[in-house]
Amino acid sequence: MPVSRRRFIQGSTGLTAMGAFHFLPNREGFAMEQTGRATQRVVDAPLFIATWPFGKASCEQAVKVVQRGGSMVDAIEQGIWVTEADVSNASVGIGGIPNADGQVELDACIMTGPDHNAGSVGGLQDVLHPISVARLVMEKTPHVMLVGEGAKQFAMEQGVSPTDLLTADQKKRWEAWKKQQGAEKPEIDEDHHDTIAMLGLDAQGNLYGGCSTSGWGYKMPGRIGDSPIIGSGLYVDNQVGAAGATGLGENVMRHCGSFLVVEMMRQGATPTEACEQAVGRIAELDPKNLGNLDINFIALNKQGVYGAAGTSQGFKYSMADPRQSQVLEAKALSEKSIGPEGGNRK
Ligand code: ASP
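Converting from the sequence shown to the numbering used here requires adding 1050 to each position, the first position being numbered 1.
Shown next, in the form of structure tokens:
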């Protein structure tokens, strides 16, 4: 797909704090965001945003894929490959923290706006790129989600070669963790987990998304988090916008978090406002207090405006378009600082 010259007016994050927004149609029928004094910048499509600073390399790769003639689905898939293949990333793909039995179990999903299609895998072992298996589920089966052995069997039938995902370093850490069991250590590691959720907008205003994670460190075998659940870790609605989540999955999936963010945008919220409102709604219903929820959302609307918000200070996200790429600070809704990372929250 050729890169379009079409440009979107994009407001920077945090603009919602400045009050009123006015959306006016531009010449091409897309909306322009106008604010009194905020910096505005012009963005070319394709535009990608992703959770965490490590998502920047994935967003940059996604832009390149489209510039070289690839589709937006190729871009989401191959962008996420970058993070999945990074052995230093302890929460996605190879090098991910294993489950309590020392096995790396991966969750991933992909969604396409124009045909509202989706594919997903959960608890997948021995596969380097779960995002690709999610894509295969979407494209080659009548189903949306495959899990565990069945997902692995399907991947192998599709020609995926098995890969050992447990690195020597993670094996050593897991052995040390195992030894500590029964002492003060919790059975799962609430502090070590992250996800790449990536959202993309093409020159025609179509939306796409993907998500990939190894989930909570030392989780119970068979545990599946929010990330591969359509509407929880990721949701794409081609009429409105797309959203993705990262953080403690159980606190997202009990509330259909990403779907909620998209619904807030449907009701008129900007992406940052929608993320804030969704976190606020979850905090109202959830018995945990805001600072302990550890959930974060990113959102991108059909007009190319994007934003993010999380429960704690320090959540960052990334963006890339053909002109630039950067890491941005998300809006934080409590004073609490985000916990230690799976080695990636830098
Ligand atoms: N949401 C992921 C999970 O619960 C982890 C994360 O994004 O931090 O599996």
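We treat Cβ as the ideally placed atom computed from N, Cα and C, and that holds for glycine.
Bounds of the beta strand (DSSP E) holding Glu1379 are Ser1375 to Glu1379. The beta carbon of Gly1330 lies closer than 8 angstroms to those of Leu1383 in the same chain, with the five residues before and after it left out. By the criterion of a C-beta distance shorter than 8 angstroms, Asp1151 is surrounded in its chain by Pro1271, once the five residues flanking it on both sides are discounted. In this structure, Gly1291 is the residue among Ser1375, Asp1136, Val1154 and Gly1291 with its C-alpha nearest to the C-alpha of Ala1324. When C-beta atoms of the segment 1211-1231 are compared with those of the segment 1253-1262, fewer than three pairs fall below 8 angstroms, so the two segments do not count as touching.
In its chain, beyond the 5 residues on either side, Asp1344, Ile1345 and Asn1346 have a beta carbon closer than 6 angstroms to the beta carbon of Gly1297.
The alpha helix (DSSP H) runs lying completely inside the segment 1145-1174 and spanning 4 residues or more number zero. Cβ atoms of Pro1103 and Ser1368 come within 8 angstroms of each other, at about 6 angstroms. Near the ligand ASP, meaning a Cβ closer than 7 angstroms to any of its heavy atoms, lie the following residues in chain order: Ser1141, Asp1157, His1243, Asp1244, Thr1245, Thr1263, Gly1265, Trp1266, Gly1275, Asp1276, Ser1277, Gly1283, Ala1295, Thr1296, Gly1297, Leu1298, Gly1299, Glu1300 and Val1302.
Approximately 19 angstroms separates the beta-carbon atoms of Val1355 and Lys1106; this is outside 8 angstroms, ruling out the contact.
DSSP places Gly1200 in the uninterrupted alpha helix (DSSP H) bounded by Gly1198 to Glu1207. Boundaries of the alpha helix (DSSP H) around Gly1105: Gly1105 to Gln1117.
Residue Ser1387 holds the alpha-carbon nearest to the alpha-carbon of Gly1341 among Ser1387, Ala1358 and Val1116. Secondary structure of Gln1254 (DSSP, three-state): coil. By the CB criterion at 8 angstroms, Ala1349 and Lys1366 fall outside the cutoff.
Excluding the 5 residues flanking it on each side, Thr1217 has same chain C-beta neighbours closer than 6 angstroms at Val1137 and Gly1145, in chain order. Comparing alpha carbon positions, the residue from Met1303, Glu1385, Gly1198 and Val1154 closest to Ser1362 is Glu1385.
The alpha carbon of Leu1196 has as its nearest neighbour, out of Ile1147, Pro1278, Gln1153 and Gln1111, the alpha carbon of Pro1278.
Judged by pairs of C-beta atoms under 8 angstroms, the segment 1156-1164 touches the segment 1180-1198, as three or more such pairs exist. As computed with DSSP, Leu1350 is found in a beta bridge with Ala1292 and Tyr1356. DSSP, read as helix, strand or coil, puts Met1303 in helix.
An exposed status is given to Asp1165, since fewer than 16 other beta-carbon atoms sit within 10 Å of its beta-carbon. Here Val1154 has Gly1146, Pro1148, Gln1175, Leu1215, Leu1216 and Ser1264 as same chain residues with Cβ atoms under 7 angstroms from its own Cβ, once five neighbours each way along the sequence are excluded.
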